[in-house]
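Undergrad: Take a look at the following structure, please.
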Amino acid sequence: MALKCAVELRIPDIIHSHGCPMTLTQIANEIGPTSPSLDINCLARDAEQSLAPLVFMRNNPLIMSPFQCLSQCVKEGGSAFQKAHGRELFELASVNAEFNRLFNQAMACTARITTKALISEYEEGFRCIGSLVDVGGGTGAAVAEIVKAHPHIKGTNFDLQHVVKTAPVYNGVTHVGGDMFKAIPHADGILMKSIMHNWADENCIKILKNCRKAISKKPGKVIIVEVVLQPGGGDPFDNIGLMFDLVMLTHFPGGKERTEVEWKKILEEGGFPRYKIIKIPALQSIIEAYPE
Ligand SMILES: C[S@@+](CC[C@H](N)C(=O)[O-])C[C@H]1O[C@@H](n2cnc3c(N)ncnc32)[C@H](O)[C@@H]1O
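This is the structure in structure tokens:
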């Protein structure tokens with residue numbers, strides 16, 4: 018709430034354009050309709066890497082109100098989102114254009130940041146594939162950046178119809194609308210960033226089985242970009258990982274963050290017995306999984 022307020026008042030922009038630390042009185046004097054707006058940091062609304070859309074989404078009443086239903090969800094099961102709104106999040110996005118836009122913009126702004134880390138730390142991993150499908154890729158920001166860095170890759174952004182129909186055109190990227198529980202377009206590599214944590218194990222296994230059908234044995238692989246919780250603690254991102262676990266529980270039926278042991282189980286059952294975890298400078302890690 019405090020972050021939302023600060024972004025709405027353009028406080029990060031005010032401090033940046035001042036160029037050095039400011040007192041509260043100086044900031045208060047600057048707040049007004051004619052505040053100069055230059056951007057530097059992740060909360061400045063106009064910045065290329067701005068996280069402001071994420072702040073607006075997380076503070077939207079439709080996203081906040083399910084937290085009021087958390088105890089009911091613990092007692093009865095099911096998602097708190099469904100209890101608050103009578104339908105699940107992606108269903109609501111399909112019938113509410115404004116919520117769809119808000120959610121997709123929030124996903125795209127964080128995708129740009131994680132994708133930067135992914136591109137710099139996983140260069141070899143992308144070099145050896147000729148085609149890549151980003152499953153649940155939202156409006157395509159991540160695959161667009163990957164294709165820009167690796168122009169030999171034929172990129173596909175795959176998501177629900179109501180999402181891809183609002184996606185911008187990107188060079189080297191084809192948008193395909195569909196349902197990952199039914200079928201996934203064929204490619205050498207499948208990217209899934211922040212998808213599996215929305216779903217219970219049995220649904221993740223269904224998605225992985227469809228990925229398995231969509232890739233060739235060689236050089237086929239699935240590139241999962243997700244949190245890997247460290248049961249013993251000690252990771253600098255531990256607290257954020259646990260906070261995300263609570264958000265997943267609230268917003269998605271069976272949604273959760275997973276430890277390596279939990280990942281191994283669903284990967285094996287989904288047809289990916291071999292995997293490698295690659296740490297990147299981000300909350301998420303890369304889980305590179307192979308069909309054999
Ligand atoms: C948490 S968002 C992640 C978006 C993107 N991968 C990112 O990291 O920014 C989950 C995405 O999965 C998509 N999705 C949900 N159900 C789907 C389905 N059945 N088939 C394809 N995509 C789906 C949503 O529309 C949404 O874009």
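Residues 18 to 309 (this note's numbering) are what the sequence shown spells out, left to right.
For each residue, glycine too, the CB sits at the ideal point set by N, CA and C.
#1: Take every Cβ of the region 206 to 214, pair it with every Cβ of the region 180 to 194, and state whether three or more of those distances are shorter than 8 Å.
#2: Do residue 184 and residue 239 have their beta-carbon atoms positioned less than 8 Å apart in this structure?
#3: Exposed or buried, residue 85, counting other C-beta atoms within 10 Å across all chains shown (16 or more means buried)?
#4: Thinking residue 308 and residue 289 are a contact (beta carbons under 8 Å), I'd like their distance in whole angstroms, please.
#5: How about residue 202 and residue 145: are their beta carbons less than 8 Å apart?
#6: Do the region 217 to 231 and the region 157 to 177 make contact, defined as three or more Cβ pairs closer than 8 Å?
#7: Is the separation between the beta-carbon of residue 300 and that of residue 241 shorter than 8 Å?
#8: Taking only beta-carbon positions, decide if residue 180 is within less than 8 Å of chain B.
#9: Residue 157 and residue 178 look like a contact to me (Cβ under 8 Å); what is the Cβ gap, rounded to whole Å?
#10: Would you say residue 127 touches ligand 2, meaning its beta carbon is less than 7 Å from a heavy atom?
#11: With DSSP collapsed to three states, give me the class of residue 275.
#12: May I ask you to list the residues that DSSP assigns as paired with residue 77?
#13: Determine the direct distance from the alpha carbon of residue 37 to that of residue 53, and round the result to whole angstroms.
#14: Could you give the DSSP three-state label for residue 197: helix, strand or coil?
#15: Across which residues does DSSP place residue 175 in a beta bridge pair?
#16: Give a single yes or no on whether residue 304 has its beta carbon closer than 7 Å to a heavy atom of ligand 1.
#17: At a cut-off of 7 Å, is residue 159 close to ligand 1 when judged by its beta-carbon and the heavy atoms of the ligand?
#18: Reducing DSSP to helix, strand and coil, say where residue 147 ends up.
#19: Can you tell me whether residue 234 is buried or exposed, with buried defined as 16 or more other CB within 10 angstroms of its CB?
#20: State yes or no: is the C-beta of residue 240 nearer than 7 Å to some heavy atom of ligand 1?
#21: Considering just the uninterrupted stretch of the alpha helix (DSSP H) at residue 226, what are its terminal residues?
#22: Less than 7 Å separating the Cβ of residue 261 from some heavy atom of ligand 1?
#23: Ordered along the chain, which non-local residues of its own chain (more than five positions away) have a Cβ less than 8 Å from that of residue 259?
#24: Going by C-alpha to C-alpha distance, which of 283, 99, 182 and 138 sits closest to residue 166?
#25: Over the uninterrupted alpha helix (DSSP H) stretch that includes residue 260, give me the two end residues.
#26: So, for residue 126: in the same chain, excluding its five sequence neighbours on each side, which residues have a beta-carbon less than 7 Å away from its beta-carbon?
#27: Spatial neighbours of residue 153 within its chain, please: CB distance less than 7 Å, with the 5 preceding and 5 following residues excluded, ordered by chain position.
#28: Alpha carbon to alpha carbon, what distance is there between residue 207 and residue 199?
#29: Just confirm the distance between the C-beta atoms of residue 98 and residue 87, as a whole number of angstroms; I'd bet it's less than 8 Å.
#30: Hey, would you say the C-beta of residue 177 is under 7 Å away from at least one heavy atom of ligand 1?
#31: Could you tell me the boundaries of the beta strand (DSSP E) in which residue 162 lies?
TA: Straight from the coordinates:
#1: Touching, no.
#2: Between residue 239 and residue 184, the gap from beta carbon to beta carbon reaches 8 Å or more.
#3: Looking at its Cβ environment, which holds fewer than 16 other Cβ atoms inside 10 Å, residue 85 is exposed.
#4: Their Cβ separation, rounded to whole angstroms, is 6 Å, which keeps residue 308 and residue 289 in contact under 8 Å.
#5: It is not a contact, given that the beta carbons lie outside the stated cut-off.
#6: Flag = no, the region 217 to 231 and the region 157 to 177 do not touch.
#7: No, Cβ-Cβ distance for residue 300 and residue 241 is not below 8 Å.
#8: Here there is only one protein chain, and chain B is not present.
#9: With a Cβ gap of about 14 Å, residue 157 and residue 178 do not count as contacting.
#10: For ligand 2, the structure offers nothing, since it holds only ligand 1.
#11: Reduced to three states, the DSSP call for residue 275 is strand.
#12: Under DSSP, residue 77 forms no beta bridge with any residue.
#13: Unreliable positioning characterises residue 53 in this predicted model, as indicated by a pLDDT of 42, which lies under 50. The coordinate reading is nonetheless provided below. Each residue's alpha carbon lies about 15 Å from the other.
#14: The answer is coil: DSSP assigns residue 197 none of H, G, I, E or B.
#15: Residue 175 pairs with 152 and 193.
#16: No, since every heavy atom of ligand 1 falls outside the 7 Å radius drawn around the Cβ of residue 304.
#17: Answer for residue 159: yes, Cβ within range of ligand 1.
#18: Coil.
#19: A residue is called buried once 16 or more other Cβ atoms fall within 10 Å of its Cβ, and residue 234, having fewer, is exposed.
#20: No, since every heavy atom of ligand 1 falls outside the 7 Å radius drawn around the Cβ of residue 240.
#21: For residue 226, the uninterrupted alpha helix (DSSP H) segment begins and ends at 218 to 231.
#22: It does not: the Cβ of residue 261 is nowhere closer than 7 Å to a heavy atom of ligand 1.
#23: Hits under 8 Å: 246 and 274.
#24: Measuring from the Cα of residue 166, the nearest candidate turns out to be 138.
#25: Secondary structure note for residue 260: its alpha helix (DSSP H) is the uninterrupted segment 255 to 268.
#26: These residues qualify, in order along the chain: 67, 68, 70 and 71.
#27: Cβ contact annotation for residue 153 (same chain, cutoff 7 Å, sequence separation greater than five): 176, 197, 209 and 212, in chain order.
#28: Between the alpha carbons of residue 199 and residue 207 lies a distance of about 16 Å.
#29: Not a contact, Cβ separation roughly 11 Å.
#30: Answer for residue 177: yes, Cβ within range of ligand 1.
#31: Counted as a single uninterrupted DSSP element, the stretch harbouring residue 162 is not any beta strand (DSSP E) but the alpha helix (DSSP H) occupying residues 158 to 166.
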